[in-house]
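Before any comments, here is the structure.
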Amino acid sequence: MPISQSNHTVAVNILQIVCTNIKILSTMKKIFLITLAFASIGASAQFFQHNYGTKDSENASNGLNTTATGLGHFIVSSTFNSPTNEILAVNTDINGNVAAFNNLYTLTHSSGVLLDIDNTLPIEFSNGSGYGIFGRFHDPGLSIPTGIFYLEIDPAGNILNVTEYNPISTVGTNYYVVEVADVTESLGGGFFYITGTVDPSIMGNFWIFVIKIDQAGNIIWSIVDDLVNSTSVSRDWAKGIVESPYSPSGTPELVVVGQTYDGGGSADAFLVRLDANSGTSLAPVNLYGTTTSNEIFNSIKIANNTISGAPGFIIGGSSDINSGGANRDFWLLQTDDQGNPFWSYTYDYNGSSGNNDYSTDVIERLNTGGLYEYYLGGHTNNGNLGGADLVVIKTDNLGNAVGQFTYGSPSDDVGTYLDYYDLVGPDGLSVFGTYNGGGIGLMDTYHVKAYFNGLSGCNENLGMTHNLIGPGLFMNLQDRLKTTFKNVSMTSALSSAKDANLCFNFSIPGGSNARVAPAEPKGDKEAKISPNPIAQGVQYANVEIDIEKPTTAQVSVYDMLGRSYYAQTFTLVKGKNNLVLDISNINMAQGMYTVKIQGENLNQNIALLVK
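Structure representation (structure tokens):
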């Protein structure tokens with residue numbers, strides 16, 4: 000039930016319901032029929048790059064693959080249309096062609112002022128009744144964000160309900176919503192968790208929020224949470240949220256990840272566990288990073304992979320730990336159900352030096368070989384295609400990089416969401432973002448549908464990167480609950496938008512969805528260590544490596560915090576080499592370690608599990 004307003008002083012704008020029905024022209028009906036006929040003929044097609052939008056610009060585009068409402072895709076973004084931003088929502092078939100709708104929605108203030116929209120996020124209801132769009136709105140005349148919206152639409156794109164949420168202040172003025180960052184549906188369906196950031200003072204103090212609602216938009220509970228930092232100003236940003244299938248505390252749990260500042264003033268990634276029934280904290284907040292490097296978590300998903308020890312979570316982010324603070328790299332780690340890392344790696348984009356790399360989403364896939372693999376999506380600011388590009392880093396089940404996929408144009412393009420059908424529809428990887436290379440307007444919503452080895456048909460660059468040791472668990476914090484949210488009902492008006500194909504293929508020669516890695520290269524073979532896993536107290540380990548050219552190499556062993564346990568130089572010959580590592584004097588506790596082999600034109604990492 001919505002939280003009562005009676006005990007709070009709230010400054011809110013009451014929004015007037017404005018709803019305009021737009022008739023579809025007969026010519027558009029013909030186009031839809033042609034589209035549906037084409038989709039039925041090419042139902043197995045899945046490889047394309049497609050734009051959607053208006054003559055102006057789209058921003059913060061996010062998308063997902065649909066199953067409950069039919070196989071296809073649902074994509075949302077905010078548009079920079081005059082006089083204010085609107086919500087773009089597109090439903091497509093499996094080939095990327097517009098299916099049920101391609102709509103623009105506007106929110107209108109009771110005074111007649113159109114509201115600005117951003118941070119748009121999509122949800123498909125698991126019961127098949129339609130979709131939800133979440134985001135932030137504000138009055139352009141006030142120049143400050145004032146609330147969160149939730150737009151509920153049916154499978155045809157018709158408006159069912161729109162609800163506004165405002166933080167309740169205990170000091171007589173509103174808190175302002177800085178960002179709506181992520182939304183997820185409950186594991187049983189029917190409830191949704193929204194997270195992001197609020198500013199309680201418009202003075203640079205940032206706190207995280209979580210709201211649990213039902214499908215009708217009613218608040219079940221809501222919190223604003225301040226992490227207890229050592230710095231004088233709270234700077235907490237929530238970025239990702241997931242409902243945990245585990246109950247290490249004995250109660251259903253939510254896990255929120257993001258960024259905060261502590262430990263010498265540098266930015267650290269955080270993970271906080273909350274009671275899914277109430278929002279109360281269940282454990283101290285975990286921080287990840289160091290006193291000198293900057294880290295952020297941007298996404299979290301459930302990890303079913305048990306090769307590292309147990310199922311838990313896979314988390315994506317960025318870190319500058321391996322560049323001395325010069326630039327950020329992609330960051331990926333797997334943890335147990337309480338956030339303790341099994342392994343942690345960063346990945347530097349292999350294009351121009353000095354790139355800043357930002358991950359925004361991560362997914363886990365069980366491939367046809369029965370092994371888990373991970374895809375870390377985002378963008379780099381200086382990609383191989385020119386300007387900022389969409390990037391996907393592909394790894395095996397221990398975080399070892401096996402591919403780097405780049406998509407975009409010579410201009411600046413940004414990646415946001417990743418998805419795939421998980422054996423319920425046509426195989427392939429969906430990459431969502433924004434495209435600045437022309438087609439409809441200045442910047443358009445962008446959807447790339449690719450094979451799992453990266454091939455998509457156009458505007459792509461396939462390569463390799465390598466993984467470096469990433470940050471580990473740093474310290475723990477406490478947190479304190481601050482306030483709650485209230486909701487107000489509203490609705491919106493709609494019109495239509497456009498779409499454009501960049502390329503389309505029924506199949507692509509060389510495309511593969513079969514395995515975790517591409518075909519073995521002709522150069523140096525992948526190194527192996529045995530035994531692996533290794534028992535504590537074992538005196539020797541054997542590294543096997545096959546190289547194309549003789550070299551001198553250093554073999555080192557590090558734990559997940561980057562601490563060195565072993566270092567030895569070996570002379571390698573062309574062909575097979577067997578290197579005996581004397582680890583009799585090394586005291587390695589149970590956990591994950593990395594064996595690094597470095598030499599001229601040689602850089603390989605092996606994950607080693609000590610049990």
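Counting from 0, one number per residue, gives the positions in the sequence shown under numbering that gives the first Met the number 0.
Beta carbons are placed, not taken as given, at the ideal position from N, Cα and C, and that holds for glycine.
> Is it buried or exposed for Asn-577, if we count other Cβ within 10 angstroms and need 16 for buried?
Replying inline: Asn-577 should be labelled exposed.
>> Alpha carbons only, please: which of Ala-496, Gln-337, Gln-535 and Gly-377 is nearest the one belonging to Ser-298?
In response: With respect to the C-alpha of Ser-298, the residue from Ala-496, Gln-337, Gln-535 and Gly-377 having the closest C-alpha is Gly-377.
> Between Ser-429, Ser-128, Thr-291 and Gly-438, which lies nearest to Ala-449 when the distance is taken from Cα to Cα?
Replying inline: Ala-449 has its Cα closest to that of Ser-429, out of Ser-429, Ser-128, Thr-291 and Gly-438.
>> Can you tell me whether Ile-507 is helix, strand or coil according to DSSP?
In response: The answer is coil: DSSP assigns Ile-507 none of H, G, I, E or B.
> In this structure, does DSSP put Asn-12 in helix, strand or coil?
Replying inline: Since pLDDT at Asn-12 reaches only 30, below the 50 mark, its modelled position is unreliable, and no value is offered.
> Using the C-alpha atoms, what's the distance from Ser-555 back to Lys-595?
Replying inline: Spanning the two alpha carbons is a distance of roughly 5 Å.
> What distance in whole Å lies between the Cβ atoms of Phe-79 and Tyr-58, which are believed to be in contact at a cut-off of 8 Å?
Replying inline: Note that residue 58 is Asn in the sequence shown, not Tyr. Indeed, because the Cβ distance is near 7 Å, the residues count as touching under 8 Å.
> What are the start and end residues of the beta strand (DSSP E) that includes His-446?
Replying inline: Counting along the chain, the beta strand (DSSP E) containing His-446 begins and ends at 443–449.
> Hey, quick one: how far does the beta strand (DSSP E) through Ser-317 stretch, first residue to last?
Replying inline: From DSSP, the beta strand (DSSP E) with Ser-317 extends over 311–318.
> Can you tell me whether DSSP reads Ile-93 as helix, strand or coil?
Replying inline: If DSSP states are grouped into helix, strand and coil, Ile-93 belongs with coil.
> Does the region 357–376 touch the region 579–598, meaning 3 or more C-beta pairs lie closer than 8 Å?
Replying inline: Touching, no.
> Tell me, which residues are paired with Arg-364 by DSSP?
Replying inline: Looking at the DSSP assignment, Arg-364 forms a beta bridge with Glu-372.
> Which residues in the same chain as Gly-620 place their Cβ atom closer than 8 Å to its Cβ, once the five residues preceding and following it in sequence are excluded?
Replying inline: Since the displayed the chain opens at 0 and closes at 610, residue 620 lies outside it and no answer follows.
>> According to DSSP, simplified to helix, strand and coil, what is Cys-502?
In response: For Cys-502, the three-state secondary structure derived from DSSP is strand.
> Does the distance from the C-beta atom of Leu-106 to that of Gly-131 stay below 8 Å?
Replying inline: Contact: no.
> Grouping DSSP H, G and I as helix and E and B as strand, with all else coil, what is Ala-534?
Replying inline: Shown here, Ala-534 sits in coil according to DSSP, grouped into three states, outside any helix or strand.
> By how many angstroms is the C-alpha of Thr-433 removed from the C-alpha of Tyr-346?
Replying inline: Roughly 23 Å between the two C-alpha positions.
> Using 8 Å as the threshold, is the region 181–190 in touch with the region 151–170, meaning 3 or more CB pairs across them?
Replying inline: Verdict: no, contact absent.
> DSSP puts Ala-266 in a beta bridge; with which residues?
Replying inline: The partner list for Ala-266 (beta bridge, DSSP) reads Tyr-260.
>> Please tell me whether Leu-441 and Gly-407 are closer than 8 Å, where the distance is taken between their beta carbons.
In response: Taking C-beta atoms as the reference points, Leu-441 and Gly-407 fail to come closer than 8 Å.
> Between Ile-306 and Asn-396, which are expected to be in contact by the criterion C-beta below 8 Å, what is the C-beta distance as a whole number of angstroms?
Replying inline: The C-beta separation of Ile-306 from Asn-396 comes to about 5 Å, placing the pair in contact by the 8 Å criterion.
> In the structure shown, what three-state DSSP assignment does Asn-20 receive?
Replying inline: Only weak support exists for where Asn-20 lies, its pLDDT of 28 falling under 50; the coordinates are left without a value.
> Per DSSP, Leu-472 is paired with what?
Replying inline: Answer is Tyr-287, bridged to Leu-472.
>> Buried or exposed, going by whether 16 or more other CB atoms sit within 10 Å of the CB of Pro-340?
In response: It counts as buried.
> Does DSSP put Asp-224 in a helix, in a strand, or in coil?
Replying inline: DSSP places Asp-224 within a strand segment (E or B) once states are collapsed to three.
>> As a quick exercise: from Ala-67, Thr-66, Asn-90 and Leu-186, pick the residue whose alpha carbon is nearest that of Val-75.
In response: With distances taken between Cα atoms, Val-75 lies closest to Asn-90.
>> Which residues does DSSP list as the beta-bridge partners of Asn-101?
In response: DSSP lists Val-89 as partners of Asn-101.
> If you drop the 5 nearest sequence neighbours on each side, which residues of the same chain put their C-beta closer than 6 Å to that of Asp-545?
Replying inline: Contacts found: Lys-524 and Lys-575.
> For Pro-154, does the count of other Cβ atoms within 10 angstroms reach 16, so buried, or fall short, so exposed?
Replying inline: A residue is called buried once 16 or more other Cβ atoms fall within 10 Å of its Cβ, and Pro-154 is buried on that count.
> Hey, out of Ser-455, Arg-234 and Tyr-260, whose CA is closest to Thr-291's CA?
Replying inline: Residue Tyr-260 holds the alpha-carbon nearest to the alpha-carbon of Thr-291 among Ser-455, Arg-234 and Tyr-260.
>> Do Val-609 and Pro-532 have their beta-carbon atoms positioned less than 8 Å apart in this structure?
In response: With contacts defined by Cβ atoms closer than 8 Å, Pro-532 and Val-609 form a contacting pair.
>> Please report the straight-line C-alpha distance between Phe-569 and Pro-549, rounded to a whole angstrom.
In response: Cα to Cα, the separation comes out at about 11 Å.
>> In whole angstroms, give me the CA-to-CA distance for Gly-278 and Tyr-416.
In response: Answer to the nearest angstrom: the Cα atoms are 26 Å apart.
> In chain order, what residues of the same chain lie with their CB nearer than 6 Å to the CB of Ser-243, ignoring the 5 residues before and after it?
Replying inline: So the list reads Glu-252 and Val-254, once near-sequence residues are dropped.
>> Buried or exposed for Thr-119, going by 16 or more other Cβ atoms inside 10 Å?
In response: Counting Cβ neighbours within 10 Å, Thr-119 comes out buried, since at least 16 surround it.
>> Just to confirm the assignment, what range does the beta strand (DSSP E) spanning Tyr-175 have?
In response: For Tyr-175, the enclosing beta strand (DSSP E) starts and ends at 175–184.
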